Structures are given as structure tokens and as C-alpha cells.
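Report on the following structure.
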Amino acid sequence: MSKWRLEGPPALASFETGLRQAQPLLRTNGLSLGDQILTDLSVEARGLTKTFGGFRAVDHVDLEVPAGSIYGVLGPNGAGKTTSLRMMLGIIDPDAGQSRLLGGHRPQSVRHRIGYLPEERGLYPGMKAREAIAFMGALRGLDWREGRRRAATFMTELGLERVIDEKIRKMSKGMAQMVQLIGSIVHAPDLIILDEPFSGLDPVNQERLEMLVRRERDRGATILFSTHVMAHAERLCDRIAIIARSQRRFEGSVDQARALLPMQVRYTPREGSDAAVAALLPAGAERRGEAWHFAIEDSDVEPLLAHVTASGLGVTGLSISRPALHDAFVHIVRQVDAGFTADAAGDALEEASA
105 MSKWRLEGPP
115 ALASFETGLR
125 QAQPLLRTNG
135 LSLGDQILTD
145 LSVEARGLTK
155 TFGGFRAVDH
165 VDLEVPAGSI
175 YGVLGPNGAG
185 KTTSLRMMLG
195 IIDPDAGQSR
205 LLGGHRPQSV
215 RHRIGYLPEE
225 RGLYPGMKAR
235 EAIAFMGALR
245 GLDWREGRRR
255 AATFMTELGL
265 ERVIDEKIRK
275 MSKGMAQMVQ
285 LIGSIVHAPD
295 LIILDEPFSG
305 LDPVNQERLE
315 MLVRRERDRG
325 ATILFSTHVM
335 AHAERLCDRI
345 AIIARSQRRF
355 EGSVDQARAL
365 LPMQVRYTPR
375 EGSDAAVAAL
385 LPAGAERRGE
395 AWHFAIEDSD
405 VEPLLAHVTA
415 SGLGVTGLSI
425 SRPALHDAFV
435 HIVRQVDAGF
445 TADAAGDALE
455 EASA
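So the number in my numbering is just where the residue sits in the sequence shown, counting from 1, plus 104.
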């Protein structure tokens, strides 16, 4: 049997003001999404960099978001996700780098084709939900009456019809957030950018939001959202980027991120002493209750099954699974943090010896 290898484990106003005109650009990339070949990019960002004072919030970040996909920008708090999105949208200017949206050299030329939910939520508290949604649509060129009609349709389909004509000030924070989200997409944009959209929502509204994201993707829109909650990204995203300490550290599919870690095995023998089972399994296997836990590489799955079968210890339970996106995310971020700490320690030592 081959040797197992174990591893340790209101912003709305700024958006409207910041967006204006540009020339068309056609870009092809040929990324694959399931059975569909995606040749267009809805977002292309190159070398985005931003420094505030002496702190570099974003450091040469590149992103390519295929048209018609759901794309997640993941990262810990303070990693640079929001600043990156704002530079892509033209809300703030980068110190270096550039972004292109929907074929335009600059975001300003395509603002009417973009739906944006900022991290800072804000609606007029005296407005009713229907009017607030219609108002946000009107800012992007949607007819007022059509906006009111679509508002009622969206809210009914999401099970929010009881608050269609309720004033924003009387709503819970989560309900008002759903209203603002609907307002961000009521004009049927081609590109939807959501900054931490799940923050502050209860599980029911989180499920409604996931349903809405999928529906907009099925309509043909591209959805780009930031989050530090891995469960949403794992269920929704076709591709992800992980930003940590101001730089992009990973880009690819969810499955590619999960494949960075070895398979996790849970084995419960039918009989045999601890010593006999430990001798059968790779070094580092741990017993927790009745089951033994350890990690193996993909290539060792079949040898493991053959080895266990031939051992005579039997099998009461056996599961082999890929680690979740949460585990891959933590693994990547911890590696970055460890490298950062080592670099800082080296710099301190060099200064002390100078």
C-alpha cells in the first residue's frame, strides 16, 4: 500500500455620483462554468491598489468575473474586500490599476446596467417599501410606475407582501435590508454587486436572498458579492477569490479551493484492539469515541479501502469526504498570517542587529 501523506490542517448617492461615460471594450477569456464555456468577462480588474495613510488596504488585486456567473470575494474582516469593490465601481479611485465592467473602459459609462448594494445600508425612513424600491429604480432610468409594479412582484414572490406599503422606519433592520436589496436590482441590471449582503439577515431572509441571487443568475445577470461567511459562498458561487492581508491569495472554483486540503476519513472498525487498529492506519490517526479520524490524499483512497478490507478488523462505519470551503479558507488565511508574522519577526531582528 502507498504511504499516506498527512497534512496539518448613504453609499447609494456616492455610487450615483461616482459613475459616468466610456468606450466599449470586448474581452474574451474562455473560462469554463459547468458545461458552458464563458468567453466574456463582466468584471476585469488589474493591479488594483489603494493606500490610506501608511496602510495599504488593497495591494495589486486582480479579478476576472465571467459573464453569467456567481462570483464570491471572500476574506476576513479588514482584508480589503469593500475597498476593492468600490474601486471596481469607480466610487473611489485606485492609486494604481484599473477596472473594466461589462465591456466598458470605465465603470461610469455602464452605471445604468449595474445594481449595487453597499456595505452601509441607507433608505429614506419616511418612504414606504414600494416607493423606496421604485425610487432606487428611477435613479437608474426605470419608469416610476414600472418600478412600483416590479416592487410588488418581487416582494410577493419573496413572501414579503405584508410590508409592501409599510414605512421603512417601522421595519426591522433585516426587512429594510431586503427592501434595499430589491431596490438594487429592480431595474434588471446585467451586473449585480453586493457588499456583505447576508450581514444582519436572519436565516429565513438569508434563504430568500440566496433564492434571489440564483434567480437573477438564471435571468442572465452576473452576481459578484463579498462575504466572510463561507456557507453562502459554498452553496452559491461558481468561482471565488480569497483576499487576505490586502492581497488576492486564491482564485478558482469552490472545489479547487477544497482540494487544497487532503480527504478526511472517519473509520469505525467492527473489532480489534486500539493497537491493532493504530497499526493498520496511517501515523497521526486519532481515536475519538468509537471512530478513528485521519487524512489521506486522493490517490490513497482505493489503497485504504483494500487495506482495511484485508485486515480482518471489519467496518462498522466509514466516511471519506472533502473538507468544506470553511476549512480551506481558514487554511489559506492561517498560512498568510503565519508568513506575515515570520516576516515581521525577521524585520524586527534585522533592525535590532543593525
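All residues carry an ideal CB built from backbone N, CA and C; glycine is no exception. All of these numbers come straight from a predicted model, not from anything done at the bench.
Going by beta carbons, Arg-323 and Asp-269 fall outside the 8 Å limit.
Contact check for Met-231 against Pro-211 fails: the beta carbons are separated by 8 Å or more.
Note on Tyr-228: under 16 other CB atoms within 10 angstroms of its CB, so exposed under the neighbour-count rule. Arg-254 counts as buried, since at least 16 other C-beta atoms from the protein chains shown sit within 10 angstroms of its C-beta. The C-beta distance from Ile-289 to Gly-219 rounds to 4 Å, short enough to meet the 8 Å contact threshold. Take His-332, set aside five residues on each side of it, and the residues of its chain with a beta-carbon closer than 7 Å to its own are Leu-178, Gly-179, Pro-180, Asn-181, in chain order. When DSSP states are grouped into helix, strand and coil, Met-315 belongs to the helix group. For Gln-351, the enclosing beta strand (DSSP E) starts and ends at 351-356. Of the residues Ala-348, Arg-318, Met-279, the one whose Cα lies closest to the Cα of Arg-438 is Ala-348.
With fewer than 16 other Cβ atoms inside 10 Å of its own Cβ, Trp-248 counts as exposed. In this chain, Arg-374 is not harboured by any alpha helix (DSSP H), its DSSP state being neither H nor E. Apart from sequence neighbours up to five positions away, no residue of its chain approaches Ser-276 with a beta-carbon distance below 7 Å. Under the DSSP assignment, Ser-288 falls outside any beta strand (DSSP E), being part of the alpha helix (DSSP H) whose first and last residues are 277-289. As the crow flies, the alpha-carbon of Ala-236 is around 42 Å from that of His-435.
Counting every other CB atom within 10 Å of its CB across the protein chains shown gives Val-440 a total of 16 or more, marking it as buried. Fully contained in the segment 139-186 are the following beta strand (DSSP E) runs of length 3 or more, in chain order: 140-156, 159-170, 174-178.
Assignment of Ile-268 by DSSP, reduced to helix, strand and coil, places it in the coil class.
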